[in-house]
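Q: One structure, pasted below without further comment.
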Ligand code: NAP
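In this note's numbering, the protein residues as written are 1097 to 1384.
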């Protein structure tokens, strides 16, 4: 990698950033495309987000990714936010276009693309059950709703966030049927009747948690997804695969949200397979 006076800098703001794989993914893409760009992590202390956002302008960065805990707080600091990011209430990519900061959310699109491209799954008309109602669940469900799923059922620890997500989906896609259940409701039959089941919580094993997955209800007609990513398959996907279900973890979502950010910043088609190799290598090196 060459760094000189013309190098265009992009990066990621968040905290902590110790485990981020994004620099490896993006720098591999810049290298492969022969672009004089570089991607660096910018850990930002809590309370200093407004200064960090001003810094994007002052330092003339090309843009940044935004991760925890700033995805929501960053919205009012931007000049423009896409309708999709506005509706999910979270931004994960900022483009500096001349002096204007424009906020995007590429997480949901990343998930949708990973289903379409990596496993050839058509979501139209499907019944979806999602565990979790946080930022990732919001972006994923709104994307799926806009892509034409028939129903979405939310199971989440806190009822407030379930209600909030229900309202977001209903406003984004009124034709989709949306409902939510509490963790202590009996949702075994809902699981059995769902086409797509998604874990959008950080839990990779559910024992001892308030949330449970009735794995005996999983079956060969289903697609079971876990947004967490690792070299190792999470227990939920092992159980699902053992019952004949198709499974997808979060690596594809991570890859395609990065590819979408690359395209927003550079205006060029992302070298997806180069980025995939870099992601897998970074996971191996980090032993995640
Ligand atoms: P978030 O906004 O903090 O939401 C976390 C969700 O998990 C909430 O619904 C929360 O429930 C639930 N939860 C957390 N701890 C729990 C526990 N102990 N028991 C029951 N429920 C619990 O986080 P997020 O951004 O949505 O991320 C969720 C997961 O998706 C993370 O593991 C993240 O790594 C992954 N993710 C992956 C990608 C990718 O590219 N593959 C992208 C984004 C996120 P409450 O509402 O009750 O708090």
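All C-beta atoms in this analysis are idealised placements derived from N, C-alpha and C, irrespective of residue type, glycine included. Please read these numbers as outputs of a predicted model, since none were measured by experiment.
Starting from the N-terminal side, write out each stretch of the alpha helix (DSSP H) that is 4 residues or longer and does not extend beyond the segment 1301–1342.
A: 1331–1338, all fully within the segment 1301–1342.
Q: Quick one: what does DSSP say residue 1126 is sitting in, helix, strand or coil?
A: Against the chain shown, residue 1126 aligns to sequence position 30. It is helical.
Q: To the nearest angstrom, how far is it from the Cα of residue 1292 to the Cα of residue 1213?
A: One-based indexing of the chain shown puts residue 1292 at position 196. One-based indexing of the chain shown puts residue 1213 at position 117. Taking the straight line joining both Cα atoms gives about 16 Å.
Q: Would you please state the rounded distance, in angstroms, between the beta carbons of residue 1145 and residue 1173? I believe it to be under 8 Å.
A: Reading the chain shown from its first residue, position 49 is the one you call residue 1145. Reading the chain shown from its first residue, position 77 is the one you call residue 1173. Confirmed, Cβ separation roughly 7 Å.
Q: Taking all protein chains shown into account, decide if residue 1155 is buried (16 or more other Cβ within 10 angstroms of its Cβ) or exposed.
A: Position 59 of the chain shown holds residue 1155. Under this definition residue 1155 is an exposed residue.
Q: Less than 9 Å between the C-beta atoms of residue 1198 and residue 1237, yes or no?
A: On the chain shown, position 102 is the one that residue 1198 refers to. On the chain shown, position 141 is the one that residue 1237 refers to. It is not a contact, given that the beta carbons lie outside the stated cut-off.
Q: Report the residue from 1352, 1361 and 1359 whose alpha carbon sits nearest the alpha carbon of residue 1077.
A: The chain is shown from 1097 up to 1384; residue 1077 falls before or after that span and cannot be answered.
Q: Tell me residue 1192's beta-bridge partners as DSSP assigns them.
A: For the purposes of this step, residue 1192 is identified with residue 96 of the chain shown, where counting begins at 1. DSSP output for residue 1192 lists 1197 as bridge partner(s).
Q: Within its chain, find whatever has a CB closer than 7 Å to the CB of residue 1108; leave out the 5 residues flanking it on each side and keep chain order.
A: Locating residue 1108 in the chain shown gives position 12, counting from the first residue. Closer than 7 Å at the Cβ level, and outside the excluded window around residue 1108, lie 1116, 1118, 1137, 1138, 1160, 1161 and 1163.
Q: Flag residue 1203 as yes when its Cβ comes closer than 8 Å to any non-hydrogen atom of ligand 1, and as no otherwise.
A: Taking the first residue of the chain shown as position 1, residue 1203 is located at position 107. Yes - ligand 1 has a heavy atom lying nearer than 8 Å to the Cβ of residue 1203.
Q: Quick one: complete beta strand (DSSP E) runs, 3+ long, within the segment 1245–1290?
A: Here the runs fully enclosed are 1247–1251 and 1273–1277.
Q: Give me whichever residues DSSP pairs with residue 1295 in a beta bridge.
A: The count along the chain shown starts at 1 and reaches residue 1295 at position 199. DSSP output for residue 1295 lists 1227 and 1322 as bridge partner(s).
Q: Report the three-state DSSP secondary structure of residue 1384 (helix, strand or coil).
A: As a working mapping, residue 1384 is identified with position 288 in the chain shown. Of the three classes helix, strand and coil, the one that applies to residue 1384 here is coil, per DSSP.
Q: CB-CB under 8 Å to residue 1311, same chain, minus the five flanking residues each way: which ones, in chain order?
A: By 1-based counting over the chain shown, the position of residue 1311 is 215. Here the set comprises 1332, 1335, 1336 and 1339.
Q: Considering only the beta carbon of each residue, do residue 1189 and residue 1202 sit closer than 9 Å?
A: Start at 1 with the first residue of the chain shown, and residue 1189 comes out as number 93. Start at 1 with the first residue of the chain shown, and residue 1202 comes out as number 106. Taking 9 Å as the Cβ cut-off, residue 1189 and residue 1202 qualify as a contacting pair.
Q: Starting from residue 1217, follow the alpha helix (DSSP H) in both directions and report where the run begins and ends.
A: In the chain shown, counting from the first residue as 1, residue 1217 sits at position 121. Looking at the DSSP string, residue 1217 is not in any alpha helix (DSSP H), and its letter there is neither H nor E.
Q: Could you check where the beta strand (DSSP E) with residue 1104 kicks off and where it finishes?
A: Start at 1 with the first residue of the chain shown, and residue 1104 comes out as number 8. Residues 1104–1110.
Q: Please decide whether residue 1291 counts as near chain C, where near means a Cβ-Cβ distance under 9 Å.
A: Within the model displayed, chain C is absent; a lone protein chain is all it includes.
Q: Reducing DSSP to helix, strand and coil, say where residue 1346 ends up.
A: To locate residue 1346, count along the chain shown from 1; it is residue 250. Three-state result, residue 1346: coil.
Q: Quick check on residue 1172: does DSSP put it in helix, strand or coil?
A: Reading the chain shown from its first residue, position 76 is the one you call residue 1172. Residue 1172: helix per DSSP, three-state reduction.
Q: Is the segment 1179–1196 touching the segment 1356–1365 in the sense that three or more CB pairs, one from each, lie closer than 8 Å?
A: A contact exists between the segment 1356–1365 and the segment 1179–1196.
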